[in-house]
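Residues in the sequence shown are numbered consecutively from 3, following this note's numbering. Beta carbons: idealized from backbone N, C-alpha and C, even for Gly. Please read all numbers here as calculations on a predicted model, not as lab measurements. What follows is a single structure, written as structure tokens, with notes after it.
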Amino acid sequence: MTFEEIVKFHGHLCPGVTSGHLLSKYALELIDAKYGDNLYCVAEAKNCMLDGIQCTTGCTIGKGNLAIENMGKFALTLVKGDTGDGVRIIADTSSVQAESKPELAKKLMEIDFKALCKVEKAHVEIPPKNMGNTIVCENCGEKFSDLFKIEKDAKTICPACAK
Ligand SMILES: [Zn+2]
Ligand SMILES: [Zn+2]
Numbered sequence: 003m004t005f006e007e008i009v010k011f012h013g014h015l016c017p018g019v020t021s022g023h024l025l026s027k028y029a030l031e032l033i034d035a036k037y038g039d040n041l042y043c044v045a046e047a048k049n050c051m052l053d054g055i056q057c058t059t060g061c062t063i064g065k066g067n068l069a070i071e072n073m074g075k076f077a078l079t080l081v082k083g084d085t086g087d088g089v090r091i092i093a094d095t096s097s098v099q100a101e102s103k104p105e106l107a108k109k110l111m112e113i114d115f116k117a118l119c120k121v122e123k124a125h126v127e128i129p130p131k132n133m134g135n136t137i138v139c140e141n142c143g144e145k146f147s148d149l150f151k152i153e154k155d156a157k158t159i160c161p162a163c164a165k
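This is the structure:
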């Protein structure tokens, strides 16, 4: 996806989506990978940055290869899916001044973004994919994954019915 397409997908031009894109682009370069490769990413913020990451790395929440460890940091760890080895990158954009958020986003695209980044080697123990088995809730009759089952009054029920 081009940056314009990413902004269109995200819905607006902002420093978050821009940082996510630029951090991802740099991380891909550092680990010699490209969009859609077998990768695993850990994002350290739950904000606009995530869309930039998903569109640039191909790691998505839906596929399960994008994890969020929310610390409110513009940082990510991108590793190879087979070895778990890669890099962690954090950007400090506080030196970049702009009148508005879209202006700041534009500036981030123009400046030497890499110069604002701190890079370190990283290793991630990639959790195995576990979708569980499909079972039927004995209360509402809806199908759900047994990873979420709750035993109550000698019945196996879903979290919604346990509320
Ligand atoms: Zn945004
Ligand atoms: Zn139920």
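On the DSSP letters alone, give me the boundaries of the alpha helix (DSSP H) that V19 sits inside. Here residue 19 refers to the residue found at position 17 of the sequence shown. Following the DSSP letters along the chain, one finds V19 inside the alpha helix (DSSP H) bounded by residues 17 to 32.
Quick one, are the C-beta atoms of T59 and L41 less than 8 Å apart? One-based indexing of the sequence shown puts residue 59 at position 57. One-based indexing of the sequence shown puts residue 41 at position 39. Yes; because the gap between Cβ atoms is below 8 Å, this pair is in contact.
For M133 and K151, I'd like the C-alpha separation in whole angstroms. Here residue 133 refers to the residue found at position 131 when the sequence shown is read from its first residue. Here residue 151 refers to the residue found at position 149 when the sequence shown is read from its first residue. Those two C-alpha atoms are separated by around 13 Å.
If you measure from each residue's Cβ to the nearest non-hydrogen atom of ligand 2, which ones come out under 7 Å, in chain order? Having a Cβ closer than 7 Å to some heavy atom of ligand 2 are C139, N141, C142, E144, I159, C160, A162, C163.
Quick one: what's got a C-beta closer than 7 Å to V9's C-beta in the same chain, skipping five residues either side? The residue you call residue 9 lines up with position 7 of the sequence shown. Excluding sequence neighbours, V9 sits near L15, V19.
Under the three-state reduction of DSSP, which class applies to D148: helix, strand or coil? Along the sequence shown, one-based indexing puts residue 148 at 146. Helix.
Report the three-state DSSP secondary structure of E122 (helix, strand or coil). Taking the sequence shown and counting its residues from 1, one reaches residue 122 at position 120. Annotated three-state conformation of E122 is strand, per DSSP.
Name all residues in chain order for which at least one heavy atom of ligand 1 lies closer than 6 Å to the residue's CB. Result (chain order): H12, H14, C16, G18, V19, C50.
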